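K.L.:
Okay, handing you the structure first.
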Amino acid sequence: DGVCKCHACYGGPDCSCQSVPECIIDLDHGDPTMYEAYWLVNGASSTTVIPGWQRMSYFAAAAAAPATHTSSSSRVEQQQQDVAVWFMEHELDVQIRALHAVVGNAITEGRHIVVGTGSTQLYQAALYALSSPEQSKPTCVISAAPYYSSYPVVTDYLRSALFRWAGDATTFKLQQQSSDPNAAEEEEEQQYIELVTSPNNPDGRIQHAVVNGSGPVIHDLAYYWPHYTPITAPADHDLMLFTLSKCTGHAGTRIGWAIVKDAAVAKKMVKFVELNTIGVSQDSQIRATQILKAMTISQHIQNQNLFHYGHSIMSYRWNRLRAAVGSSSSSSTFSLLDFSPDQCTFFGKKTTPTPAFAWLQCNKEVDCEAFLKSRGIISRSGRHFGVGPEFVRLSMLERSHSFELVVQRLASCSSPA
Ligand code: PMP
Numbered sequence: 002d003g004v005c006k007c008h009a010c011y012g013g014p015d016c017s018c019q020s021v022p023e024c025i026i027d028l029d030h031g032d033p034t035m036y037e038a039y040w041l042v043n044g045a046s047s048t049t050v051i052p053g054w055q056r057m058s059y060f061a062a063a064a065a066a067p068a069t070h071t072s073s074s075s076r077v078e079q080q081q082q083d084v085a086v087w088f089m090e091h092e093l094d095v096q097i098r099a100l101h102a103v104v105g106n107a108i109t110e111g112r113h114i115v116v117g118t119g120s121t122q123l124y125q126a127a128l129y130a131l132s133s134p135e136q137s138k139p140t141c142v143i144s145a146a147p148y149y150s151s152y153p154v155v156t157d158y159l160r161s162a163l164f165r166w167a168g169d170a171t172t173f174k175l176q177q178q179s180s181d182p183n184a185a186e187e188e189e190e191q192q193y194i195e196l197v198t199s200p201n202n203p204d205g206r207i208q209h210a211v212v213n214g215s216g217p218v219i220h221d222l223a224y225y226w227p228h229y230t231p232i233t234a235p236a237d238h239d240l241m242l243f244t245l246s247k248c249t250g251h252a253g254t255r256i257g258w259a260i261v262k263d264a265a266v267a268k269k270m271v272k273f274v275e276l277n278t279i280g281v282s283q284d285s286q287i288r289a290t291q292i293l294k295a296m297t298i299s300q301h302i303q304n305q306n307l308f309h310y311g312h313s314i315m316s317y318r319w320n321r322l323r324a325a326v327g328s329s330s331s332s333s334t335f336s337l338l339d340f341s342p343d344q345c346t347f348f349g350k351k352t353t354p355t356p357a358f359a360w361l362q363c364n365k366e367v368d369c370e371a372f373l374k375s376r377g378i379i380s381r382s383g384r385h386f387g388v389g390p391e392f393v394r395l396s397m398l399e400r401s402h403s404f405e406l407v408v409q410r411l412a413s414c415s416s417p418a
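Numbering (the working numbering), first residue to last: 2 to 418.
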């Protein structure tokens with residue numbers, strides 16, 4: 002049983018003895034295993050059973066339960082005309098909209114929802130949909146540094162002629178402003194797509210587009226949920242990405258969704274999903290539907306709701322981390338960003354951001370990743386996020402025994418020798 006297996010650093014019948022003091026703790030990935038403990042106790046209504054004969058077709062519409070108003074075949078025809086729902090389980094669409102309505106973090110009325118194999122697939126689908134094959138040069142893909150480290154690699158791994166990674170959005174903006182306007186007239190204007198991750202991965206800040214030009218913006222709102230940040234208003238952008246991975250912790254289910262205003266863009270994104278993977282696992286969609294339903298049902302039950310649970314654990318962890326790291330002065334070993342509280346419409350009170358990652362700055366070491374590695378902590382260097390090696394990102398979503406050990410180790414680095 003994965004939940005009960007001891008971490009490599011622990012032993013004993015209940016995994017409570019620290020058996021290997023020099024063991025390595027890996028906080029490189031944002032693997033949301035912290036939530037296992039919640040679902041272990043509250044998971045009864047989240048269980049999915051799928052008989053062997055069900056959902057065998059490629060198409061979600063054909064897999065639906067016996068039709069009520071229309072015959073199954075006419076419903077399939079109708080849904081095939083509307084390509085945006087071709088691969089999407091209708092009930093998943095319903096549950097996604099219901100959860101956003103309950104949380105108040107995104108407008109879904111009159112919007113198209115596109116399902117993907119994680120939001121990683123939808124990010125690529127969005128680039129495909131928003132870049133034009135008529136361009137003589139690939140569209141520049143930009144995001145303000147520090148940006149999510151997967152963006153550059155995922156954008157460029159196939160060396161597409163449609164788009165290419167062009168780095169920091171602020172640098173791009175300055176380059177555009179300083180370029181010769183006469184030369185620009187002759188040359189075709191450089192097209193761009195800007196990515197805005199808010200709250201940001203890695204540093205947890207609320208972000209806005211920096212270029213403010215005519216290029217499309219993809220808003221990655223993976224962390225715009227009440228356990229990570231105050232929900233201040235329902236987001237209403239042209240193209241927003243969400244993922245089950247960070248909302249409920251079910252990263253292994255690989256379900257993400259895009260909320261899209263423009264039908265033509267949604268349709269092109271579905272085309273990408275069709276070309277890339279001929280749809281999205283229906284088994285996963287069914288599981289995601291059940292999990293989202295459990296989330297919506299438990300919304301008012303304070304001690305059973307994942308957002309309350311998540312927020313209280315994250316607040317505890319951030320307090321522990323800040324206490325271990327000490328004051329963020331230049332003379333201290335580490336610095337962390339400070340966050341201001343804001344009114345959260347979901348909790349109905351002021352809450353302080355508790356990001357999914359700690360963005361730690363080493364004040365005395367040039368290479369923070371190497372320094373932490375020497376103390377048995379695997380982190381991700383700032384270099385992957387478009388900034389310097391004095392920064393590292395640490396996941397705050399690990400199982401509690403890993404988190405507690407990291408806090409102990411950071412405290413021992415911080416305390417005067
Ligand atoms: N966007 C951001 C900002 C993320 O942090 C992550 C996961 N680390 C993703 C997207 C990818 O999510 P998924 O698991 O749905 O592919």
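Beta carbons: idealized from backbone N, C-alpha and C, even for Gly. Given the structure is predicted, the values throughout are model-derived calculations rather than measurements.
Looking at C-beta atoms only, is the number of pairs between the segment 233-250 and the segment 283-296 that lie closer than 8 Å three or more?
P.N.:
With the cut-off at 8 Å, the segment 233-250 and the segment 283-296 touch.
K.L.:
Give the list of continuous alpha helix (DSSP H) stretches no shorter than 4 residues that lie fully inside the segment 330-406.
P.N.:
If we require 4 residues or more, the alpha helix (DSSP H) runs fully inside the segment 330-406 come out as 369-375.
K.L.:
Is threonine 249 near ligand 1 - that is, is its Cβ less than 8 Å away from at least one heavy atom of it?
P.N.:
Flag unset: Cβ of threonine 249 not near ligand 1.
K.L.:
Note down, in chain order, each residue of its chain lying with its Cβ closer than 6 Å to the Cβ of glutamate 366, except the 5 sequence neighbours on either side.
P.N.:
Closer than 6 Å at the Cβ level, and outside the excluded window around glutamate 366, lie Phe372.
K.L.:
How many angstroms separate the CA atom of arginine 1 from the CA atom of valine 218?
P.N.:
The question about residue 1 has no answer here: the residues shown for the chain are numbered 2 through 418.
K.L.:
Going by beta-carbon coordinates alone, are serine 151 and threonine 140 separated by less than 9 Å?
P.N.:
Against a cut-off of 9 Å, the Cβ pair of threonine 140 and serine 151 comes out as no contact.
K.L.:
With DSSP run on the structure shown, which of helix, strand or coil describes cysteine 141?
P.N.:
Three-state DSSP puts cysteine 141 in a strand.
K.L.:
When the Cα of serine 137 is compared with those of Ser161, Val103, Ala146, Gln177, which residue comes out closest?
P.N.:
The residue with the shortest Cα to Cα distance from serine 137 is Ser161.
K.L.:
Answer with buried or exposed for cysteine 24, where buried requires no fewer than 16 other C-beta atoms within 10 angstroms of its C-beta.
P.N.:
Counting Cβ neighbours within 10 Å, cysteine 24 comes out exposed, since fewer than 16 surround it.
K.L.:
Quick one: residues in its chain with C-beta nearer than 6 Å to the C-beta of proline 231, no 5 flanking neighbours on either side, listed in chain order?
P.N.:
For proline 231, where only same-chain residues beyond five positions count, the Cβ hits under 6 Å are Asp343, Cys345, Thr352.
K.L.:
Please give me, in chain order, every unbroken run of the beta strand (DSSP E) with length at least 3 that falls completely inside the segment 240-304.
P.N.:
Listed in chain order, the complete beta strand (DSSP E) runs (minimum 3 residues) inside the segment 240-304 are 240-244, 256-261.
K.L.:
According to DSSP, is tryptophan 319 part of a helix, a strand, or is it coil?
P.N.:
The answer is helix: DSSP assigns tryptophan 319 an H, G or I state.
K.L.:
In angstroms, rounded to a whole number, what distance separates the CA positions of aspartate 181 and glutamate 190?
P.N.:
About 12 Å.
K.L.:
Using the C-alpha atoms, what's the distance from leucine 307 back to aspartate 339?
P.N.:
Rounded to whole angstroms, aspartate 339 to leucine 307 spans 25 Å at the Cα level.
K.L.:
Which stretch, first to last residue, makes up the alpha helix (DSSP H) that contains valine 95?
P.N.:
Unbroken alpha helix (DSSP H) run through valine 95: 91-104.
K.L.:
How about tyrosine 148: is its C-beta nearer than 9 Å to some C-beta of chain B?
P.N.:
Among the chains of the structure shown, chain B does not appear; only one protein chain is present.
K.L.:
May I ask you to report which of helix, strand or coil DSSP gives glycine 119?
P.N.:
In this structure, glycine 119 counts as helix in the three-state DSSP scheme.
K.L.:
Under 9 Å between the Cβ atoms of phenylalanine 358 and serine 403?
P.N.:
Their beta carbons are not under 9 Å apart, which means phenylalanine 358 does not touch serine 403 by this criterion.
K.L.:
What are the boundary residues of the beta strand (DSSP E) that includes leucine 196?
P.N.:
Leucine 196 -> beta strand (DSSP E) spans 193-198.
K.L.:
Can you find a heavy atom of ligand 1 that lies under 8 Å from the Cβ of glycine 31?
P.N.:
Yes, since a heavy atom of ligand 1 falls inside the 8 Å radius drawn around the Cβ of glycine 31.
K.L.:
Got a sec? Which residues, its chain only, sit under 8 Å from valine 115 by beta carbon, not counting five neighbours each side?
P.N.:
Closer than 8 Å at the Cβ level, and outside the excluded window around valine 115, lie Ala85, Met89, Leu123, Ala126, Trp258, Ala259, Val261, Ala267, Met270, Val271, Val274.
K.L.:
What's the gap between the Cα of glycine 3 and the Cα of histidine 30?
P.N.:
Caution is warranted here: a pLDDT of 44 is assigned to glycine 3, below 50, making its placement in the model unreliable, and no coordinate value can be reported.
K.L.:
Relative to the C-alpha of leucine 242, which residue among Pro203, Gly280, Ser199 is closest?
P.N.:
Leucine 242 has its Cα closest to that of Ser199, out of Pro203, Gly280, Ser199.
K.L.:
Could you check whether the Cβ of isoleucine 378 sits closer than 8 Å to any heavy atom belonging to ligand 1?
P.N.:
Answer for isoleucine 378: no, Cβ out of range of ligand 1.
K.L.:
Any heavy atom of ligand 1 closer than 8 Å to the beta-carbon of asparagine 202?
P.N.:
Asparagine 202 Cβ: within cutoff of ligand 1.
K.L.:
Exposed or buried, histidine 301, counting other C-beta atoms within 10 Å across all chains shown (16 or more means buried)?
P.N.:
So histidine 301 ends up on the exposed side.
K.L.:
Please look up how many angstroms separate the CB atoms of arginine 255 and threonine 118, rounded, as I've assumed it's under 8 Å.
P.N.:
Going by Cβ atoms, the distance from arginine 255 to threonine 118 rounds to 5 Å, so yes, they are a contact pair.
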